[in-house]
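One structure below.
Residue numbers (this note's numbering): 104 to 386.
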């Protein structure tokens with residue numbers, strides 16, 4: 104007797120009965136009149152269940168490969184190096200020295216959330232249906248597709264600089280604020296948030312292999328050096344220093360070598376307030 108005959112002679116679907124009440128079928132196996140039928144049925148059902156399991160495995164494998172089960176990602180740069188990464192959504196990020204980025208589960212869902220520690224420059228892939236949000240300890244930045252820099256090192260003032268497009272900045276102690284290109288938002292020494300004009304390119308140059316300044320102001324040079332060497336540089340309240348313009352190139356020289364050159368060329372005096380904080384003055 105083939106499987107079709109067994110199927111029609113059985114009162115209920117054998118697959119349903121096996122799933123819902125297998126012990127009834129096992130009990131029936133003791134009956135001589137059903138023994139041979141049950142043996143053939145169980146063998147065939149075993150093959151059928153195995154086939155179903157194989158299909159489920161294939162579906163789950165495809166689901167995994169499609170990105171739904173991608174694990175969390177932790178991206179980081181070394182204390183003396185920078186890193187470049189392409190995120191699962193196609194966005195690009197450059198991490199400055201000693202920085203890290205947490206990317207949860209392939210950035211799936213309605214919002215593309217990432218968490219930054221340190222400093223990063225982002226070129227966000229546009230997706231109007233899924234905003235891109237950079238979270239830091241002090242504030243969040245939401246965008247759809249744009250270019251901007253975020254600085255959020257522990258122990259330093261937090262800031263964001265917009266190169267292109269628009270971003271929405273929010274924090275627990277600040278009303279929602281929208282930045283325009285060449286604007287920055289930062290927390291000052293008093294703990295207050297301020298928005299001001301800022302040449303955003305000064306905070307992007309560190310991602311390249313060389314800094315070149317052509318008759319640039321000392322303020323512009325200092326801003327770039329801060330990012331390039333991952334330090335803070337403060338200027339004395341001195342008009343002669345703040346009005347100084349210089350032409351210079353920076354590649355991979357140690358910071359002390361650059362400071363020494365500034366001292367020789369422009370009579371700039373410098374000293375370290377701590378390991379990551381330099382103070383400049385001029386005679």
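Virtual Cβ for every residue (Gly too), placed ideally from N, Cα, C.
Rounded separation between residue 353 and residue 345 - CA only: 20 Å
Strand pairing of residue 299, partner residues [DSSP]: Partner(s): 287.
Three-state secondary structure assigned by DSSP to residue 345: helix
Residue 329 classed as buried or exposed, judged by whether at least 16 other C-beta atoms fall within 10 angstroms: buried
Backbone secondary structure at residue 209 - three-state DSSP: helix
The alpha helix (DSSP H) enclosing residue 310, as first and last residue numbers: Taken as a continuous stretch (DSSP letters only), residue 310 belongs to no alpha helix (DSSP H), as it is neither H nor E.
For residue 274: DSSP bridge partner residues: 277
Residues near residue 263 by beta carbon distance below 8 Å, same chain, minus five either side: 242, 244, 251, 252, 253, 254, 270, 272, 282, 287, 288, 289
Residue closest to residue 191, alpha-carbon to alpha-carbon, out of 216, 318, 257, 362: 216
Buried versus exposed, by CB contacts within 10 Å (16 or more), residue 222: Within 10 angstroms of the beta-carbon of residue 222 lie 16 or more other beta-carbons, which makes it buried.
Nearest candidate by alpha-carbon position, reference residue 293, set 322, 285, 259, 350: 259
In DSSP terms, what residue 319 is bridged to: 349
In DSSP terms, what residue 238 is bridged to: 218, 243
Rounded C-alpha distance that separates residue 194 from residue 342: Approximately 42 Å, taken between the alpha carbons.
Reference residue 385; option with closest CA among 363, 378, 379, 377: 363
Sequence ranges, beta strand (DSSP E) only - wholly within the stretch 175-202, length at least 3: Annotation note: the stretch 175-202 contains the following uninterrupted beta strand (DSSP E) runs of length 3 or greater, listed N- to C-terminal: 176-179, 186-189, 195-198.
Coil, strand or helix - residue 364 by DSSP: Looking at residue 364 - three-state DSSP - the assignment turns out to be helix.
DSSP three-state assignment for residue 224, whether helix, strand or coil: strand
Counted within 10 angstroms of its Cβ, other Cβ atoms place residue 319 as buried (16 or more) or exposed: buried
Beta strand (DSSP E) segment containing residue 252, residue limits: 250-255
Status (buried if at least 16 other CB within 10 Å, exposed otherwise) for residue 299: exposed
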